[in-house]
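Asker: Numbers given in our numbering equal positions in the sequence shown, counted from 1, plus 30.
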Amino acid sequence: MHELKVASLAAEYGIIVSLPFGGTERYDQIWDVNGRLLKIQIKKCEINEDGNAIKFSNQAKVKYEEGEIDAIVTSYKNKIYYLPFEYINRSKKKTLFFSLPKDQIPNADKYNWAVDFEIEKQLNISKIF
31 MHELKVASLA AEYGIIVSLP FGGTERYDQI WDVNGRLLKI QIKKCEINED
81 GNAIKFSNQA KVKYEEGEID AIVTSYKNKI YYLPFEYINR SKKKTLFFSL
131 PKDQIPNADK YNWAVDFEIE KQLNISKIF
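#1: Per DSSP, what kind of secondary structure is residue 36 in: helix, strand or coil?
#2: Relative to the C-alpha of residue 72, which residue among 157, 55, 128 and 140 is closest?
#3: Based on Cα-Cα distance, which residue from 124, 83, 151 and 108 lies nearest to residue 42?
#4: Please state whether DSSP places residue 86 in a helix, a strand or coil.
#5: With a threshold of 7 Å on Cβ separation, who are the neighbours of residue 128 within its own chain once the five nearest residues in sequence on each side are excluded?
#6: Could you compute how far the alpha carbon of residue 100 sits from the alpha carbon of residue 36?
#7: Can you have a look at residue 103 and say buried or exposed, based on whether 16 or more other CB atoms are within 10 angstroms of its CB?
#8: Given a threshold of 16 other Cβ atoms within 10 Å of its Cβ, counted over all protein chains shown, does residue 88 qualify as buried or as exposed?
#9: What residue range does the beta strand (DSSP E) around residue 115 cover?
#10: Span of the beta strand (DSSP E) holding residue 123?
#11: Give the secondary structure of residue 92 by DSSP, where H, G and I count as helix, E and B as strand, and everything else as coil.
#12: Determine the burial state of residue 80: buried for a count of at least 16 other Cβ atoms within 10 Å of its Cβ, exposed for fewer.
#13: Determine the extent of the beta strand (DSSP E) in which residue 46 is found, giving its start and end residues.
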């Protein structure tokens with residue numbers, strides 16, 4: 031169900047979404063973004079205990095190899111978060127922060143900010159409807 035939600039949100043940006051047939055591919059969707067084809071793996075996310083971040087697992091049973099996927103994508107509150115391949119194999123879990131507790135502000139540069147991974151910023155696109 032989450033994959034269909036992401037496909038629907040992607041369509042709002044004019045992305046043509048194709049679904050692979052067979053179920054054995056390492057990716058869930060192919061996105062045509064301005065003529066560029068991207069292999070997308072969709073992951074569900076959840077809000078963390080503090081309510082200031084979303085977290086999700088970014089690994090399959092077997093580690094993704096370069097070329098198998100271009101990005102991992104998740105959605106939260108009708109926004110798409112797009113993590114390019116170079117970000118996904120560093121750890122098994124990812125957390126994207128909306129804000130930090132005040133005691134962590136001095137370390138803010140060490141965190142992955144959700145706004146930096148919004149689809150608009152990552153793919154340089156805007157909603158068309």
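Glycine is no exception: its CB is placed at the ideal position from the N, C-alpha and C atoms. Remember, it's a predicted structure, so these values are computed and weren't measured experimentally.
Answerer: From the atom records:
#1: helix
#2: 55
#3: 108
#4: strand
#5: 82, 83 and 144
#6: 16 Å
#7: buried
#8: buried
#9: Where residue 115 is concerned, there is no enclosing beta strand (DSSP E), although the alpha helix (DSSP H) it sits in stretches over 115-118.
#10: 123-127
#11: coil
#12: exposed
#13: 46-48
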